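Remarks on the structure that follows.
Right, dumping it as structure tokens:
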């Protein structure tokens, strides 16, 4: 895994620039400087020493945050980390002490600079503050990166699971539709076969090219359902008492939905609701509003669903997968109501649209 950059331009880098500029201004202020308060040039400024001290603080800050902590402390080498930190502190403190003497002799020539405990104490206090800021920065940055990685993993897991659920739907339907078209072709070589093949081509094109998009216009999803219904009707004849209705209300062009979200309800209705032995029905109603989508599927229940030859074999694709997709795509923004009796089955899906 590649290590993340220290900061990303331009936003975070400008925060660093602003912070160190502020630190330099603090060092450059005779009122706030506590290290060598008597150092003043004729202009009344400490700009040269303050630049040097700021560079020393930056060296200590970034060496600890970007090298020592990630390279040793987080890799389970605390003793080596402490040893290297002590070496770094000793080097920085020595450089600062000799720089104090240098600038003292440069600006104040009537008195000699003396090394004493006070000088090393002040330098140590400054360095302790810099290290504390370095630790704080490092842990905050690690926390942010960890949160971002977790969010990315969650999104990748969500995407993989949705792709898996879609993959379960597509081959199942294509397999059974091809079987239906094959049976039809054996019975009659007529216009029905060509119509069925054209509808199947539309469905395959939609599943191959549109289903991978995060969302599609509701108009395309409606077209997919209509083509699906047309293909299913190829199995029926005029002698069968079957009523199929699909009512669409509202502006389906202005609404976006995840692809293949509604079709499992329709598949379920055809699987369990159509009978060749008795009257049966499937009634669909889709209502699209700017912020609300309602999809109602009503169908009769066929008591011979598992024995009639036209029925599709059982599959792992069902309402449970629909619930999982809804939970992933519309958490706390959907309602799925299922009403089942001995003679009819009804599903009501309501989505709060973004």
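In my numbering, the protein residues as written are 4 to 357.
Even for Gly, the Cβ is constructed at its ideal location relative to N, Cα and C.
As the structure is a prediction and not an experimental result, all values here were calculated from the model.
Q | residue 253 in three-state terms, based on DSSP | A | Position 250 of the chain shown, counting from 1, holds the residue named residue 253. Correct three-state label for residue 253: strand.
Q) How big is the Cα-Cα spacing for residue 125 and residue 357? A) Looking up residue 125 in the chain shown gives position 122. Looking up residue 357 in the chain shown gives position 354. Answer to the nearest angstrom: the Cα atoms are 58 Å apart.
**Q.** Spatial distance of residue 70 from residue 60 (CA atoms)
**A.** Counted from its first residue, the chain shown places residue 70 at position 67. Counted from its first residue, the chain shown places residue 60 at position 57. If I take the Cα positions, the gap works out to 15 Å.
Q) So residue 302 is in the beta strand (DSSP E); what residue range does that whole segment cover? A) Taking the first residue of the chain shown as 1, we reach residue 302 at position 299. Element bounds for residue 302: 295–303.
Q) With contact counted as at least three CB pairs below 8 Å, one residue from each stretch, are the segment 257–272 and the segment 224–232 in contact? A) Touching, yes, given that three or more Cβ pairs across the two stretches are closer than 8 Å.
Q | Sub-8 Å separation of residue 218 and residue 260 beta-carbons | A | Residue mapping note: residue 218 aligns to position 215 of the chain shown, counting from 1. Residue mapping note: residue 260 aligns to position 257 of the chain shown, counting from 1. Cβ distance < 8 Å, so residue 218 and residue 260 count as in contact.
Q. Is it true that the segment 80–96 meets the segment 125–144, where meeting means three or more beta-carbon pairs spaced less than 8 Å apart?
A. yes
Q: Give a yes or no on contact between the segment 274–285 and the segment 334–345, applying the rule of three or more CB pairs nearer than 8 Å.
A: no
Q.
Assuming residue 289 is part of the beta strand (DSSP E), what are its boundary residues?
A. What you label residue 289 is simply residue 286 of the chain shown in a count that begins at 1. Looking at the DSSP string, the run of the beta strand (DSSP E) that includes residue 289 is 283–291.
**Q.** Span separating the alpha-carbon of residue 245 from that of residue 211
**A.** Looking up residue 245 in the chain shown gives position 242. Looking up residue 211 in the chain shown gives position 208. Roughly 31 Å separates the two Cα atoms.
Q | residue 352 versus 298, 256, 158, 327, residue with shortest Cα-Cα distance | A | Walking along the chain shown from the start, residue 352 turns up at place 349. Looking at the Cα atoms, 298 is the closest of the given residues.
Q. Which partner residues of residue 219 appear in the DSSP bridge assignment?
A. Counting from 1 along the chain shown, the entry for residue 219 is found at position 216. Its beta-bridge partners are 260.
Q: Under 6 Å Cβ to Cβ from residue 248, same chain only, skipping five residues before and after it: list those, please.
A: Position 245 of the chain shown, counted from the start, is the residue given in the question as residue 248. Cβ within range, chain order: 286.
Q) Which residues bound the alpha helix (DSSP H) around residue 345? A) One-based indexing of the chain shown puts residue 345 at position 342. It is not in any alpha helix (DSSP H) - residue 345 carries neither H nor E in the DSSP assignment.
Q: Inspect the beta-carbon positions of residue 347 and residue 302 and report whether they are closer than 8 Å.
A: Along the chain shown, read from residue 1 onward, the residue named residue 347 stands at position 344. Along the chain shown, read from residue 1 onward, the residue named residue 302 stands at position 299. Contact: yes.
Q) Does the Cβ-Cβ distance between residue 296 and residue 354 come in under 8 Å? A) Taking the first residue of the chain shown as position 1, residue 296 is located at position 293. Taking the first residue of the chain shown as position 1, residue 354 is located at position 351. For the 8 Å CB-CB criterion, residue 296 and residue 354 form a contact.
Q | Cα-Cα separation between residue 162 and residue 150, rounded to whole angstroms | A | Within the chain shown, numbered from 1, the residue matching residue 162 stands at position 159. Within the chain shown, numbered from 1, the residue matching residue 150 stands at position 147. Cα to Cα, the separation comes out at about 18 Å.
Q: Just the C-alpha distance for residue 311 and residue 292, rounded to the nearest angstrom, thanks.
A: Locating residue 311 in the chain shown gives position 308, counting from the first residue. Locating residue 292 in the chain shown gives position 289, counting from the first residue. Any answer about residue 311 is weak, because its pLDDT of 47 lies below 50 and its placement is not dependable; what the coordinates show is given next. Cα-Cα distance, rounded: 39 Å.
Q.
Short of 7 Å in beta carbon distance, which residues of its chain neighbour residue 98, apart from the five on each side in sequence? Order them along the chain.
A. Here residue 98 is taken as the residue at index 95 of the chain shown, counted from 1. Hits under 7 Å: 59.
**Q.** Nearest candidate by alpha-carbon position, reference residue 85, set 62, 134, 54
**A.** On the chain shown, residue 85 is found 82 positions in, with the first residue counted as 1. Here the closest residue by C-alpha is 134.
Q: Compare the Cα-Cα distances from residue 145 to each of 207, 328, 77, 52 and report the closest residue.
A: Residue mapping note: residue 145 aligns to position 142 of the chain shown, counting from 1. Minimum Cα distance to residue 145 is reached at 77.
Q) If you run the structure through DSSP and keep just helix, strand and coil, what is residue 338? A) What you label residue 338 is simply residue 335 of the chain shown in a count that begins at 1. Residue state, collapsed to three classes: strand.
**Q.** For residue 2, the first and last residue of its enclosing alpha helix (DSSP H)
**A.** Since the first residue shown for the chain is 4 and the last is 357, residue 2 is missing from the structure and cannot be characterised.
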